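Take a look at the structure set out below.
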Amino acid sequence: MKQLVILSGKGGTGKTSVTAAFAHLASQGPFADRILLADADVDAANLELVLQPRRLDTRPFSGGQVAVIDADICMTCGDCESVCRFDAIAEMDGRFVVDPIACDGCAACVYQCPAEGIHMEEQTVGEVAVSESRYGPLHHAHLYPGQENSGKLVTQVKERARQQALDESRQLVLVDGPPGIGCPVIAAVSGADLALLVTEPTVSGIHDLRRALQTVQHFGVPALVCINKADVYPKGAQDIEADCLANGINAIGQIPFDLSIASAMVAGEAVTAYRPDAPASLALTALWERVVTCLIAPDATPDT
Ligand code: SF4
Ligand code: SF4
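Every letter in the sequence shown is one number past the one before it in the working numbering, and letter 240, counting from 1, is 240.
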């Protein structure tokens, strides 16, 4: 089983559109009926919006603990308020209460309370789900607003996907990764056979691509780069390719700016299925063939 993760240094580069197109193309070729999808962008799980799958199962995700004060035991001494470094405890109407959003779960107040009037409770911070899409099972998740532990949630999504892929002898897990370089990205990259980084020819795109590449390379995962909307700023695209060449990274293809991608998203379809002859679809199809070559034969250098 191979794991391909699609990443971007920053949000909005078209990563999910590329993933959806790859899911469609994979379902047409040698991976037909043998792919499985995982949306590891748990803060903004958009693959579900594009593919509009049928939800099969949803479960709560417990991502940490928060302090709870028992008002019947509390002596209103205020010790917990003074020990809390996160300003999560305050006095309201003569009672001390915990703000669950601000609470970091450190439990310092539990040990400080002379009356043993505080305990920690598991908190549901999101949900994990599995759905059936046109192109195969999709594992995804949703982290509630303001909640942390997205790295842990990504790990859970990937583990559920990997387990189903093994159980059903599926040959490819296609992971739509989160943007950036933080814990969720590290969780998404972990165990991948290949990473495709989607960037765009802007100053921030180039800057964030470099940081994302460093993260991927740190974990020893081979990386490829593709440049979306490359024709919007050809000089920027050339600079990215030169940068990749200088650092031994294969800039494997370019995708032109094409409104068909936005129209496909509105229609809830992969652009390669929605408008196969569109310039972006043709570029994505060529890109997919090169990526498959690298997945199957990691030492191969596909023509670009
Ligand atoms: S430390 Fe315990 S007793 Fe004191 S205010 Fe906090 S909860 Fe109440
Ligand atoms: S668990 Fe830590 S962060 Fe939460 S209220 Fe208690 S001291 Fe504050």
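Here a beta-carbon is modelled for each residue, glycine too, at the ideal position from N, C-alpha and C.
Keep in mind that this is a model prediction, so the values were computed, not measured.
Per-residue burial, residue i [other beta carbons within 10 Å of its own, 16 or more giving buried]
i: GLY236; result: buried
i: ARG55; result: exposed
i: TYR274; result: buried
i: HIS207; result: exposed
i: GLN163; result: exposed
i: SER308; result: Nothing in the structure corresponds to residue 308, since the chain is present only between 1 and 304.
i: ILE296; result: exposed
i: ARG160; result: buried
i: ARG170; result: buried
i: GLU48; result: buried
i: ALA283; result: buried
Alpha carbon of residue i to alpha carbon of residue j, nearest angstrom
i: VAL50; j: VAL266; result: 8 Å
i: HIS139; j: ASP72; result: 43 Å
i: CYS113; j: GLY151; result: 32 Å
i: VAL130; j: ALA165; result: 13 Å
i: GLN52; j: ASN46; result: 10 Å
i: LEU224; j: ALA280; result: 18 Å
i: PHE31; j: MET120; result: 47 Å
i: VAL42; j: VAL157; result: 9 Å
i: SER190; j: ILE69; result: 39 Å
i: VAL5; j: ALA195; result: 5 Å
i: GLU269; j: ILE261; result: 9 Å
i: ASP93; j: ALA192; result: 53 Å
i: ILE89; j: LEU213; result: 41 Å
i: ILE252; j: LEU287; result: 7 Å
i: CYS106; j: ALA67; result: 9 Å
i: ALA264; j: VAL271; result: 5 Å
i: TYR144; j: GLN123; result: 11 Å
i: SER62; j: GLU148; result: 11 Å
i: ASP167; j: ARG34; result: 12 Å
i: THR13; j: PRO60; result: 30 Å
i: THR16; j: ASP79; result: 49 Å
i: VAL128; j: GLY177; result: 16 Å
i: HIS142; j: CYS226; result: 27 Å
i: THR215; j: ALA40; result: 16 Å
i: VAL97; j: GLY126; result: 23 Å
i: PRO256; j: ILE240; result: 15 Å
i: ASP99; j: VAL110; result: 15 Å
Residue i: CB within 6 Å of a non-hydrogen atom of ligand 1
i: ASP72; result: no
i: ASP79; result: yes
i: MET75; result: yes
i: GLY117; result: yes
i: ILE69; result: yes
Ligand 2 heavy atom lying under 6 Å from the CB of residue i
i: CYS113; result: no
i: PHE86; result: yes
i: VAL125; result: no
i: VAL98; result: yes
i: ILE206; result: no
i: ILE89; result: yes
i: CYS183; result: no
i: ALA108; result: yes
i: ASP104; result: yes
Selected residue, minimal CA-CA separation from residue i, among the options
i: PRO179; options: GLY11, VAL173, MET1 and THR58; result: GLY11
i: PRO222; options: VAL291, VAL154 and ALA161; result: VAL291
i: HIS218; options: LYS2, ALA187 and ILE240; result: ALA187
i: ALA102; options: PHE86, LEU287, GLY117 and GLY94; result: PHE86
i: CYS183; options: ALA90, VAL154, PRO145 and GLU241; result: VAL154
i: ALA242; options: GLU289, PRO145 and ARG210; result: ARG210
i: THR285; options: VAL18, SER8, LEU4 and VAL66; result: VAL18
i: LEU259; options: THR76, ASN228, GLY177 and LEU7; result: ASN228
i: LEU36; options: ASP167, CYS84, THR13 and LEU172; result: LEU172
i: ILE118; options: TYR144, GLU127, GLY64 and THR76; result: THR76
i: ALA115; options: VAL97, VAL125, GLU91 and CYS74; result: CYS74
i: LEU7; options: CYS84, ALA38, SER27 and ASP99; result: ALA38
Practice problem: Examine the Cβ distances between the stretch 199-206 and the stretch 218-232 and report whether three or more of them are shorter than 8 Å. | Solution: Enough Cβ pairs lie closer than 8 Å, so yes.
Quiz item: Should the stretch 123-141 be regarded as contacting the stretch 18-25, the criterion being three or more beta carbon pairs within less than 8 Å?
Solution: Taking 8 Å as the limit for Cβ pairs, the verdict is that the stretch 18-25 does touch the stretch 123-141.
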